[in-house]
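What follows is a single structure, written as structure tokens, with notes after it.
Numbering (mature numbering (1 follows the signal peptide of the UniProt record, and there is no 0)), first residue to last: -22 to -1, 1 to 461.
Written out as structure tokens, the structure is:
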């Protein structure tokens, strides 16, 4: 076959492959949640993946430099994040392999073959009734061969294109999974760190209270020794002191647990990690009164679910393409000779070229079952996508309500705390004046301490709820888009 004819045939088949329609349904984003807004905030619409939206360093909203450093360590050393990143690289390699199917495969073979034939006894007739017996030596030959082969599967029905769509979507889903793991690990670290700082403040409060109770116990004991107060005042003061000391000791275990969790999140052993105690609790970031809809749309779990719908949709086309014949164009050429000296020469040249069709004539319903499986898988991914969107609405609703309730509760709790502090001031004055007993003082002191601790616990709850809301929104509430 002339080179011009071969070139024309290749170009014609390539044009046919590129212009052909792909088998299977084209992708259309499925409908998701019907709710267009939240009860707790205006300006929302149904989610649609926009995972390219910038999330930014959302943890910097809390204005804590030590927290910022811990998150950077997590980004570099967290092992769950490293595992998700490795899975993403696998998906990238798989998609790259799918693209390779569009190109011809080229192979080269070269070798020497040594073969023999014949051998054994034989009788040769010479005429006149005379015969001669003897043995024939085997015939041994060598063949030198070198050839170049090219094979190209033409994507006439779009099977390869659908497979590439499926693998690309899976790769994008894996990228979204990586972003989801990163956001989850970051939010877990931020919550643990904030709770640890709240515990530091709780410990400071209890230590100060223990010191005050220690002084009260000594005063009561001295007064008892002087015969001014009964022994019951001493035992009540001691009971109050030791109970508060026990509460302070319990906080040490809780803090150690949080510190160990932070160590694992930043990728080190707990024995190699330590955070010094600090009295400052990071401030609560202000939640905007109006939140743009793109925030929920950029959640990585929504993006991953939608990409899996795309992949499953393309897989239907791959399965249906099995009904149609595969067309492969093959060509080979080279040199073959029995002598090494004239191996590479025109008389010893050979070549072959031609298309090959392969079609399934009967498979007992195997292809049909594979198509039905792919269609059912698509329906499953659509349901998963819709459920993910609904869950995202629920989560944001929950955290918006939680923050609103905690804010109102904080106002009331502050009023209760101020009243408890005033009651404590009054009861101490009355005790000094001798108008009330020590049991009355203990009761008011216990109430005041409880209100102080409740205020700190509520502050920690508000911080945790703010982190959870940020995570539910996909990371922060800034709506900038990438250019």
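Heads up, the beta-carbon is just placed ideally off N, CA and C, and yes, glycines get one too.
| Query | Result |
| --- | --- |
| Cα-Cα separation, residue 327 to residue 85 | 17 Å |
| Buried versus exposed, by CB contacts within 10 Å (16 or more), residue 299 | buried |
| Cross-strand partners of residue 120 (DSSP beta bridge) | 92 |
| Candidates 362, 285, 238, of which the one nearest residue 147 by Cα | 285 |
| Same chain, Cβ closer than 6 Å to residue 140, five either side skipped, listed in chain order | -1, 2, 292, 295, 296 |
| Spatial neighbours of residue 57 in its chain, beta-carbon cut-off 7 Å, leaving aside the 5 residues before and after | 245 |
| N- and C-terminal bounds of the alpha helix (DSSP H) containing residue 538 | In the structure as shown, the chain starts at -22 and stops at 461, and residue 538 therefore has no counterpart that could be examined. |
| Supposed close pair residue 176, residue 445 - CB separation, criterion 8 Å | So it is not a contact: roughly 13 Å between Cβ atoms. |
| Integer-rounded CB distance, given that residue 218 should sit under 8 Å from residue 420 | 5 Å |
| Inter-residue spacing [alpha-carbon to alpha-carbon] between residue 281 and residue 5 | 15 Å |
| Where residue 148 falls: helix, strand or coil (DSSP) | helix |
| Beta-carbon proximity list for residue 409, same chain, < 8 Å, skipping 5 on both sides | 415, 416, 418, 419 |
| Residue 252 versus 149, 309, 143, 242, residue with shortest Cα-Cα distance | 242 |
| Buried or exposed by the 16-neighbour rule on C-beta atoms within 10 Å, applied to residue 453 | buried |
| Extent of the continuous beta strand (DSSP E) to which residue 306 belongs | 304 to 315 |
| Stretch-stretch touch, CB-based, cutoff 8 Å, three pairs: the stretch 300 to 312 with the stretch 118 to 136 | yes |
| Residues bridged to residue 130 [DSSP beta-bridge criterion] | 307 |
| For residue 327: DSSP bridge partner residues | 313 |
| Beta-ladder partner(s) of residue 84, from DSSP | 128 |
| Residue 118 to residue 93 span [Cα, whole Å] | 6 Å |
| Range of the contiguous alpha helix (DSSP H) that encloses residue 250 | Counting along the chain, residue 250 falls outside any alpha helix (DSSP H), and DSSP gives it neither H nor E. |
| Beta carbon of residue 257 nearer than 8 Å to that of residue 178 | yes |
| Burial state of residue 227 (16 or more Cβ within 10 Å) | exposed |
| DSSP-derived helix/strand/coil call for residue 340 | coil |
| Helix, strand or coil at residue 332 according to DSSP, with G and I counted as helix | strand |
| Close beta carbons around residue 216, own chain, < 7 Å, minus the five adjacent residues each side | 195 |
| Per-residue DSSP class, three states only, for residue 359 | helix |
| Distance, residue 363 Cα to residue 462 Cα | Outside the shown range of the chain, which is -22 to 461, sits residue 462, and nothing can be said about it. |
| Whether residue 222 touches residue 188 by CB criterion (8 Å) | yes |
| Cβ neighbour criterion (16 or more within 10 Å) applied to residue 159 | buried |
| Cβ contact (3+ pairs, closer than 8 Å) linking the stretch 198 to 214 and the stretch 424 to 434 | no |
| Endpoints, alpha helix (DSSP H) assigned at residue 222 | 209 to 243 |
| Best match in 427, 288, 424 for proximity to residue 359 [C-alpha to C-alpha] | 288 |
| Residue 64 versus residue 137: straight-line alpha-carbon distance, rounded | 28 Å |
| Rounded separation between residue 79 and residue 356 - CA only | 24 Å |
| Sub-8 Å separation of residue 261 and residue 40 beta-carbons | yes |
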